[in-house]
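To start, the structure under review is shown below, and the notes come after it.
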Amino acid sequence: MILTHIGLVIAIIGIFLMFRGGMMDMLLLVMACTLLGGSAAAQLPALGGSSVPPAPFALLFALARMTLPNSRRWREARGAIRANAWLAIYALYGLLAAAMAPSFFRDSIQVAAMRATGPTRSLFDTVPLAPSPQNVTVTVYLLGTVCAGIVAYLAMQEEGAGRRFVKMGVIMAWIHVTLGILAAVLKGTPFDLLVDALRNANYTQTDQTAYGMVRLTGIFTEPSAYVGFAFGWFVFLLECWLRDILSRRVGPAALALALVLFFSTSSTAYLGLGSYGIILGLRLLLAPQHLNARKGLTLAGAALALLIAVCALAFLWPAFIDQMSTILRRATIDKQDTESGIQRAFWARIGIDAFFASYGIGIGPGSFRSSSFLTAMLGSTGLIGSLAFLAHLARAFRPLRLSTYCGPRVGRQFGENTMIGAAGGWAALCVLIPAAIVSPTCDPGGDFAVFAAVSLALRSLPLPWPEAVAQRPSVAIWRRSAPAHCD
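So, in structure tokens, the structure goes:
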């Protein structure tokens, strides 16, 4: 393993926080490292030139923090493991499948390789199924996702951890937006040297344009990765704003992320915004009593302002509107007819073919490249792994809980931690929307694990006494009806 300059900085900060900080500080370090989506903390020449991203590298120090002799969190880890049990089963089944299935089903199916070993002949190059170093790489990432969930669950046990998590999310949102805009606006200037120094991972780093416009990538590998990260935090911050959690901070940050997603020219962003918009609209339509009327009016006002701005641009700058409409059409309606759309559809079908070719067992993580998390999950971990993952998602999202859908007026009885946890549940669910059309592997990612752990941890904490009484009507009524004193 060869440590990079970024890995050296992370190591210094990680060692310092191991002895001077808590688990929440370690989690904040891991979260900050997720901003470096195109970076490498270490290079692994022995594994085919694979790179270790900064976030998993920082996670190693967080796990080491748990094992220190004076750390109480190691004794509390059993609760965190139980909370992430279904995710752990998913990863462990993937580990077994990666170790055995490629050999057992060798040559039984043609797959798209995770990493090409020779010259590319066409968009549909395939190779016979066989064990590869990518089975090890993807499985390690999958186990790292479980570890991220455990660390996040433990960190959320600290006093005030939920509010610190929201504040860190706001900071990350502004950094992500700023880097994306600067990298696009200052393209071709010396600022590119800084971007290249940060994008040092051994991946294909793309700098794309669409109709003369530089697409937003920031310091991520490609536009879809940039907007996928932005979308998860957009959902989390907007859900916090709907619940009146640090509204003055999270509201502008969520708006900035929404604008970046809209102008990203990425089909991933438009699918995410459209899907979440439909979900939010149904919530407002079916259960308006659970949301603050002021919030609904604000959302309607923002939509009206956007419509007025578009109409004004159409009148003052018709060429820009024509260009944007062409980009939107190419990124959505006409996407399936492009080379990228055809190739992604081909990769996605490989996951379904692998599921049936392995009789529902799965051929192991890293055995093939997909373009959808859903088909990658089916093809890699089969029926057992897929059911385990869905069980973890349902446990984190809690679809039958009132706190999942309510706004600030009803949410006061549940407490701030529960509301932050509910926002984390929505983010964990919605972060899978971009992954469903771009993810090459069955790893849901550290963002999913952290958001799910935030929901699991904060919604299981004991409520403060007034909120606890509010949720027990019989106790509240008894206390009101009891006499002031008894003789």
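Note that this note's numbering has the sequence shown beginning at 2, numbered continuously upward.
Ideal Cβ placement from N, Cα and C applies to all residues, glycine included.
Quick caveat, the model's predicted, so the values are computed rather than measured.
| query | Under the three-state reduction of DSSP, which class applies to Ala41: helix, strand or coil? | reply | To locate residue 41, count along the sequence shown from 1; it is residue 40. In this structure, Ala41 counts as coil in the three-state DSSP scheme.
| query | Can you name the residues that DSSP bridges to Pro129? | reply | Here the question's residue 129 lines up with position 128 in the sequence shown. Pro129 is bridged to Gln111.
| query | When you compare each of Arg410, Ala450, Pro409 to Gly425 by their alpha carbons, which one comes out closest? | reply | For the purposes of this step, residue 425 is taken as residue 424 along the sequence shown, with counting starting at 1. Closest in alpha carbon position to Gly425, among Arg410, Ala450, Pro409, is Ala450.
| message | According to DSSP, is Gly4 part of a helix, a strand, or is it coil? | response | For the purposes of this step, residue 4 is identified with residue 3 of the sequence shown, where counting begins at 1. Residue 4 is actually Leu in this sequence, not Gly. In this structure, DSSP gives Leu4 an extended state, which the three-state scheme calls strand.
| task | Would you mind stating whether Ala63 and Pro54 have Cβ atoms separated by less than 8 Å? | result | Sequence index remark: in the sequence shown, residue 63 carries index 62 (1-based). Sequence index remark: in the sequence shown, residue 54 carries index 53 (1-based). Against a cut-off of 8 Å, the Cβ pair of Pro54 and Ala63 comes out as no contact.
| According to DSSP, residues forming a beta bridge with Ser52 | Position 51 of the sequence shown, counting from 1, holds the residue named residue 52. For Ser52, which the question treats as bridged, DSSP gives the partners Gln44.
| field | Length-filtered (4 minimum) alpha helix (DSSP H) runs lying within the stretch 238–307 | value | With a minimum length of 4 residues, the continuous alpha helix (DSSP H) runs that stay inside the stretch 238–307 are 248–263, 268–287.
| Beta-carbon separation of Asn418 and Leu457 under 8 Å? | Numbered from 1 along the sequence shown, position 417 holds the residue referred to as residue 418. Numbered from 1 along the sequence shown, position 456 holds the residue referred to as residue 457. Remark: C-beta atoms of Asn418 and Leu457 do not approach each other more closely than 8 Å.
| Among Gly163, Ala185, Ile90, which one has its Cα closest to the Cα of Leu247? | For this step, residue 247 is matched to residue 246 along the sequence shown. Checked all of Gly163, Ala185, Ile90; the closest Cα to Leu247 is Gly163.
| task | Measure from the alpha carbon of Val171 to the alpha carbon of each residue in Val139, Ala231, Ser371, Glu223, then state which is nearest. | result | Counted from its first residue, the sequence shown places residue 171 at position 170. The shortest C-alpha separation from Val171 is found at Ala231.
| task | State the Cα-Cα distance for the pair Leu298 and Gly252, rounded to the nearest angstrom. | result | Start at 1 with the first residue of the sequence shown, and residue 298 comes out as number 297. Start at 1 with the first residue of the sequence shown, and residue 252 comes out as number 251. So the two alpha carbons sit approximately 14 Å from each other.
| query | Out of curiosity, what's the CA-to-CA distance linking Arg396 and Ala313? | reply | Locating residue 396 in the sequence shown gives position 395, counting from the first residue. Locating residue 313 in the sequence shown gives position 312, counting from the first residue. Roughly 46 Å between the two C-alpha positions.
| task | Please classify Met173: is it buried, with 16 or more other beta-carbons within 10 angstroms of its beta-carbon, or exposed? | result | On the sequence shown, position 172 is the one that residue 173 refers to. Result: buried.
| What do you get for Gly535, buried or exposed, if any count of 16 or more other CB atoms within 10 angstroms of its CB means buried? | With the chain covering 2 to 488 only, the question about residue 535 has no answer from this structure.
| task | Indicate whether the contact test is met: 3 or more Cβ pairs, each with one atom in the stretch 147–155 and one in the stretch 216–230, closer than 8 Å. | result | Verdict: no, contact absent.
| 8 Å Cβ shell around Pro103 - same chain, five flanking residues per side excluded | Here residue 103 refers to the residue found at position 102 when the sequence shown is read from its first residue. Taken in chain order, the residues that qualify are Leu130, Ala131, Pro132, Ser133, Asn136, Ile364, Gly365, Ser368.
| DSSP on Cys443, reduced to helix/strand/coil? | Within the sequence shown, residue 443 is the residue found at index 442, counting from 1. Looking at Cys443 - three-state DSSP - the assignment turns out to be coil, as it is neither helix nor strand.
| Straight-line Cα distance separating Ala89 from Ala389 | Position 388 of the sequence shown holds residue 389. Position 88 of the sequence shown holds residue 89. Approximately 9 Å between the Cα atoms of the pair.
| message | Three Cβ pairs or more, each shorter than 8 Å: is that satisfied between the stretch 260–277 and the stretch 225–241? | response | For the pair of segments examined, the stretch 260–277 was found to touch the stretch 225–241: the number of CB pairs separated by less than 8 Å reaches three.
| request: Would you kindly work out how many angstroms separate the C-alpha atoms of Arg250 and Phe105, rounded to a whole number? | output: As a working note, residue 250 is residue 249 in the sequence shown. As a working note, residue 105 is residue 104 in the sequence shown. Taking the straight line joining both Cα atoms gives about 53 Å.
| query | Taking all protein chains shown into account, do 16 or more other C-beta atoms lie within 10 angstroms of the C-beta of Ser52, making it buried, or fewer, making it exposed? | reply | Counted from its first residue, the sequence shown places residue 52 at position 51. Burial is judged here by how many other beta carbons sit within 10 angstroms of a residue's own beta carbon; Ser52 has at least 16 and is buried.
| field | Sequence-distant residues of the same chain with beta carbon closer than 6 Å to Tyr91, five excluded per side | value | To locate residue 91, count along the sequence shown from 1; it is residue 90. If we look at Tyr91 and ignore the five residues flanking it on each side, its Cβ neighbours are Gly386, Ala389, Phe390.
| query | Helix, strand or coil: how does DSSP classify Cys148 here? | reply | Against the sequence shown, residue 148 aligns to sequence position 147. Helix.
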